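Encoded as structure tokens, the structure appears first; notes follow it.
Protein chains: 2
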Amino acid sequence: MTQTEQRKNRLHEAFTRKGMRYTKQREQIYNILLDKRDHPTAEEIFLRARERMGSISFATVYNCLDTLVECDLVRQVHIDRESTRYCPNLSDHAHLHCPQTGEIHDITLPTDLLENIREQLPEDFTLGSVEILIRGTSHKAQNSKAS
Amino acid sequence: MTQTEQRKNRLHEAFTRKGMRYTKQREQIYNILLDKRDHPTAEEIFLRARERMGSISFATVYNCLDTLVECDLVRQVHIDRESTRYCPNLSDHAHLHCPQTGEIHDITLPTDLLENIREQLPEDFTLGSVEILIRGTSHKAQNSKAS
DNA sequence: CTAGGTGCAAAAGGTTTGCGGTTAA
DNA sequence: TTAACCGCAAACCTTTTGCACCTAG
């Protein structure tokens, strides 16, 4: 089985597990996110998808992205009130954001740091998730890890 | 000099320092934020302002809020793509957000935690600011500190 | 076959803008 | 006096929705 077929099967399973169907639009959009992990917006994804598929509607892009999020394949990234960005990296990570260039890079923080945050919470607080956004200027960010 | 007058002077200075004028709309909106530190949206601020002032326009609320942000008197708080919220707490703090109730509470994190994050950054990265959003359920959040 | 998905266009929701009248300094 | 500000309505931009047609299972 080729790697592409494997990915396809993995996707298929993720969808059917939630009672949802496998469609080529969903597959393509997921592939777009995996192929270039640059946290694109829905519009950027729409443009890339149209290049690959010839034609797709904006609403479908949003629908597919919602589905991917719901199936735990992709996460949304929110920075201020800018357009929502999408990220296929499911591991715990923070985001480095350079307002000048608009670039976003993933950065893995040590687990004890998250543990440290957890300790600060009130007793009656059940932790859901933690989002860490680090703003700053990257002077030569070429070698950052965009996992 | 009364406390109100002192606040007024402080505001006046903050505005003129940036070449901006002191207006009653700006003052009222700032007071609304100080009086109830519950991270209101522009719409909530608009409603409270109308109660106090009789009449004010939505655009003015946005304009005034922008001014207050620019004069470093107030900060924006972004949660997902929900309406922007406003916060007069300028000290370093994280936000606890309960998606069920919509409540937001400020929580002060130990300085060494922020130091710890700083250490994780790439060499070529000049830190701007850090935003930490902690999502979860507060089962009886009455006694949380909303500083 | 049919529930679920796609595509289109129209609507919604939050925020911004242009501009004539108003006001702080 | 006059540059800055307010208020209104209209525009803007991202995202969502309704509905007819299509398609995976």
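Heads up: the protein sequence lines correspond to chains A and B, in order. Start counting the first sequence at 15; every next residue gets the next number (this note's numbering). Start counting the second sequence at 15; every next residue gets the next number (this note's numbering). Every residue gets a Cβ at the ideal spot worked out from N, C-alpha and C, and that includes glycine. If you're wondering where the values come from, they're calculated on a predicted model, not measured in any experiment.
- When DSSP reads this structure, residue 147(A) sits in a beta bridge with 109(A), 145(B).
- DSSP places residue 91(B) in no alpha helix (DSSP H) but in the uninterrupted beta strand (DSSP E) bounded by 89-91.
- For residue 125(B), the number of other beta carbons within 10 angstroms of its own is below 16, and it is reported as exposed.
- Separation of residue 72(B) and residue 94(A) (C-alpha to C-alpha, rounded to the nearest whole angstrom) is 21 Å.
- Around residue 110(B), the beta-carbon contacts reaching into chain A at under 9 Å are 135, 136, 139.
- A distance below 7 Å separates the beta carbons of residue 53(B) and residue 101(B).
- At a cut-off of 7 Å, the C-beta of residue 150(A) has a neighbouring C-beta in chain B.
- Contact between residue 96(A) and residue 32(A) is absent: CB atoms are separated by about 29 Å, not below the 8 Å threshold.
- For residue 114(B), the closest of 136(B), 149(B), 63(B), 19(B) by C-alpha to C-alpha distance is 149(B).
- The DSSP assignment places 125-133 as complete runs of the alpha helix (DSSP H) inside the segment 118-144 of chain B, in order along the chain (cut-off: 4 residues).
- Using beta-carbon distances, residue 65(A) does not count as an interface residue toward chain B, since no partner is under 7 Å.
- Residue pairing by DSSP places residue 30(B) opposite no residue, since no beta bridge is assigned to it.
- Among the bridge pairs identified by DSSP, residue 55(A) is matched with 99(A).
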